[in-house]
Every structure is written in C-alpha cells, then in structure tokens.
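Just below is one structure, and these are the notes that go with it.
In this note's numbering, the protein residues as written are 1398 to 1637.
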C-alpha cells in the first residue's frame, strides 16, 4: 500500500536547513523525505522554484533536438516544424504558467537558447546565426517568455469568464466586486492585492497583472479561439 508513496517537505531554504532528517512512519513502514517528487509529470522541488522542472525540460529538449539533427537530411522545413512542436515545444508548454515566472534569469536564458537552436534547425541555419524575436515571429513563434504569457492569459480568460475549476476563482476578485468606481481602463480587470516579494512570481499575482495590461478590446473577446489569436498577435507585435 505504501510502496509508491513519496514524501517531501516544502519550505524556504532558511527553514529547510534546520531540518536534517524528516521521515514519516505508518504501520511500521518508514518513508524518507526526498528533495523532489514527480506529480502529474512535473518534478516539484522543496522550494517550489521551478528549477528542477526547467532542468528536465532543457535535458529532454536537447536530447530530442540532437535526434532531429541526425534525421535532418530526410526532413523538409514543414516536417521539421511539426516534429519540433510535437517533441520539444510540448515540454516548454506543459504547465509553464505555474513554474516559469519563478525561475532565475540563468534558467530562463537556457530555455530561450534551446528555442533559438530549434529555430535554427527548422530554418537550416548555422549555429552562429542570430535569433531574436523578429526571427521567431517570422515563423509565427513567440519567445519562451511570450509563450508562457500567452498560455497564462488563456487561463485568465477562462477564470474571468467562469470556465475554470472553482478552486481557481477563489484567488481572484474582479474590480467591480471591490468598488463601483470603474473607469474604462479598469473594465474587466482583476483587483491586484498587496503581496510580499515571494508572491510576486506566483501565477495568481502575475496572471492578474498580465490580464489587466491587455487592451480592453482583447479582454472583451468572449469566444476562446478568437481571444487566443488576438493575444498572440498582440504579443508578436510587442516583441518586434
């Protein structure tokens, strides 16, 4: 019964230093605490900083890109783009809005480097060719940060329009629920609470700020598919 059970203790680095050995015993079975555990395909570390997730994404992306390079002579550009989406980009996208914003800059830079390599592979460019937002946009791609923002805004659209699980709604309050002095700028906005420095990278804070920064015309788009398209076009314009 306890064979697949894992144990992890979450906390800040300072507090975790004071805990040397943490175990749980149940019916004579002792479970040792692990520095990270896998849950729904995501590796959670003790600090919930996302570093372990990014490390796994980078490792998988590099190995798959090496495999694709070995098959490059048998692939045209269209096939390369489809395979990169299916084998590499999917790992960048999976739950990215929950872990990307808390990453250190060094990890974000490594993730962007992988995406740049992927575009060079698709285009058939050499390793020294510069890749920036305009080059990515030429293939209809957002950079890693922009993609994380796009997917996060898709979640926010569902939250605002009550198309999400109930537990997500409790973290958000619309401006109209706080006061009646709405301006055109604050229409369809979320109320931004005061938070400490650690909470500024949490999705419930980042997502609300990013949603509020969208033009009203985009936020007022109710069907999800047109909303996603407008958000992508808006982010692509901002990136070039």
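Ideal Cβ positions, reconstructed from N, Cα and C, are used throughout, including at glycine.
Check: What is the rounded straight-line gap between the Cα of residue 1480 and the Cα of residue 1633?; Outcome: 23 Å
Check: DSSP three-state call for residue 1574: helix, strand or coil?; Outcome: helix
Check: Of all the options 1448, 1636, 1550, which has the alpha carbon lying nearest to the alpha carbon of residue 1621?; Outcome: 1550
Check: Look up residue 1420 in the DSSP assignment and say whether it is helix, strand or coil.; Outcome: strand
Check: According to DSSP, simplified to helix, strand and coil, what is residue 1433?; Outcome: strand
Check: Write down the C-beta distance between residue 1440 and residue 1429 rounded to the nearest angstrom, noting that I regard them as a contact closer than 8 Å.; Outcome: In fact, because the Cβ distance is near 17 Å, the residues do not count as touching under 8 Å.
Check: Consult DSSP for residue 1628 and reduce its assignment to one of helix, strand or coil.; Outcome: helix
Check: Helix or strand or just coil, what does DSSP make of residue 1426?; Outcome: strand
Check: Checking 8 Å against the spacing of the C-beta atoms, do residue 1559 and residue 1589 come in under that value?; Outcome: no
Check: Would you mind stating whether residue 1534 and residue 1598 have Cβ atoms separated by less than 8 Å?; Outcome: no
Check: Keeping to the same chain, check which residues put their C-beta closer than 7 Å to that of residue 1596; ignore five residues upstream and five downstream.; Outcome: 1602
Check: Considering only residues of the same chain and omitting the five flanking positions on each side of residue 1492, which have a CB-CB separation below 6 Å?; Outcome: 1439
Check: Would you mind stating whether residue 1525 and residue 1604 have Cβ atoms separated by less than 8 Å?; Outcome: no
Check: Run through DSSP, which three-state label would residue 1589 get?; Outcome: coil
Check: Name the DSSP beta bridge partners of residue 1449, please?; Outcome: BP columns for residue 1449 are empty, so no partner.
Check: Please report how far the alpha carbon of residue 1594 lies from the alpha carbon of residue 1499, in whole angstroms.; Outcome: 11 Å
Check: Let me know the alpha helix (DSSP H) ranges lying completely inside the stretch 1534-1573, each 4 residues or longer, listed in chain order.; Outcome: 1541-1557, 1563-1566
Check: Does the Cβ of residue 1347 have 16 or more other Cβ atoms within 10 Å, making it buried, or fewer, making it exposed?; Outcome: Because the chain here runs from 1398 to 1637, residue 1347 falls outside it and cannot be looked at.
Check: Is DSSP giving residue 1405 helix, strand or coil here?; Outcome: coil
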